Each structure stands twice: as structure tokens, then as C-alpha cells.
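Sequential numbering from 16 applies to the sequence shown in the numbering used here. All C-beta atoms in this analysis are idealised placements derived from N, C-alpha and C, irrespective of residue type, glycine included. Note that this is a predicted model, so its numbers are computed, not measured. The structure appears below as C-alpha cells.
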Amino acid sequence: MPTTKANGNVVELDEVPVEFDLTRGDLDRLQAEEWDVYMEQEAGRVLHDASPLYDGPSGPTRAALAYAEDTLAIFYFFLPKELWRRIAMETNKYRRDSIDTVAQQMRSRALQRRETVPSTSVLTVEEYQTKLARKSAIQPHEIGSGATAGEFESSLDNAC
Numbered sequence: 016m017p018t019t020k021a022n023g024n025v026v027e028l029d030e031v032p033v034e035f036d037l038t039r040g041d042l043d044r045l046q047a048e049e050w051d052v053y054m055e056q057e058a059g060r061v062l063h064d065a066s067p068l069y070d071g072p073s074g075p076t077r078a079a080l081a082y083a084e085d086t087l088a089i090f091y092f093f094l095p096k097e098l099w100r101r102i103a104m105e106t107n108k109y110r111r112d113s114i115d116t117v118a119q120q121m122r123s124r125a126l127q128r129r130e131t132v133p134s135t136s137v138l139t140v141e142e143y144q145t146k147l148a149r150k151s152a153i154q155p156h157e158i159g160s161g162a163t164a165g166e167f168e169s170s171l172d173n174a175c
């Protein structure tokens, strides 16, 4: 809120420097006579009892208690189910979109392996794509099963 000074200048209150004209004696007097000191016990004390506000059952549900011993499980328990559905949908979309690239990489790895192990069979890129396309879609309940990105890639390799 702007303030007008006696000389006619308008000054924002935030721009006005704060000046204290208190001497050491004034501060000592304030501390001794006019200072309200709150002890830690009083400051943390509950002012109103909440028990009359709700008289129904309280505490964790049985479902939450079932996961209470495992911190990762309780973390997954409280994440919204719609999140898992969305992650599964996006994961499957990414998997479908990357079939061509993964198939080409699988063929090049098979060709490299054939150089050291001549009995390695090498399929065409189209055959790898067909095998990858047959892989089952990820379901929402499978997302939190602990699979890592490396396991995801190896599952693609094992599909072939």
C-alpha cells in the first residue's frame, strides 16, 4: 500500500527501511517487563480437544496394516490405481512404438554373437518384430512387481 510523505513523494511501504531507536537499556526493560515468553511445553500444547469432533472408528484399515511391515509395499498401496493403469498404458504404447528399433538391435546382437558362436541362429528383422509383437501387454498390477529396466529388455530378448 503506497504512502505519501510530507514532501509529496509516494513511497511503497516495502521500500521504507525499518529503523529501531531502542537502546540496550530499552531492550533490557522490554525483556524484563513487557516480553511474553512462551515455554516450549505451553507452545506445543493442544488448545482444543479433538475427541468430541468424531466418535467413529479410527486407525489404519486392515488392508493398510497388511502392508505395514514393508515400506515399499505401503508406498505402492497408497498410490492411486489410475496411476498404475496410466503407467501400464504408456509402457505398452512405448513397447509397441519401439518394436522396430528393438528388433534391429536384436538382429545386430545375434549377428555379433554368430561371429564367436557359429551355431547362433539369426532371424530376419521382420521375424524379430513378429515375436516382439506377440509379447503380452503389461497389466497395471505388474508395474510394481520389481522389474527393472534391464529385466524389461531381457524379457524382450527372451520373447524371441
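- The beta-carbon distance between residue 83 and residue 75, rounded to whole angstroms, is 7 Å. This is short enough to meet the 8 Å contact definition.
- In the DSSP assignment, residue 148 falls within the unbroken alpha helix (DSSP H) covering 140-148.
- About 10 Å separates the Cβ atoms of residue 99 and residue 153, ruling out a contact at the 8 Å cut-off.
- If you draw a 10 Å sphere on the C-beta of residue 144, you find 16 or more other C-beta atoms in it, and that means buried.
- Residue 147 places its beta carbon less than 7 Å from that of residue 114.
- By the Cβ neighbour-count rule, residue 81 is exposed, with fewer than 16 other Cβ atoms within 10 Å of its own.
- Of the candidates 48, 65, 86, 155, 155 places its Cα closest to the Cα of residue 102.
- For residue 105, the uninterrupted alpha helix (DSSP H) run begins and ends at 96-112, by DSSP.
- Here residue 121 is buried, its C-beta having at least 16 other C-beta atoms within 10 Å.
- Per DSSP, reduced to three states, the secondary structure at residue 117 is helical.
- Membership of residue 93 in the alpha helix (DSSP H) is indicated by the continuous run 86-93.
- In the structure shown, residue 152 falls within a coil segment according to DSSP collapsed to helix, strand and coil.
- The beta carbons of residue 92 and residue 79 sit about 6 Å from each other, so the pair counts as a contact at 8 Å.
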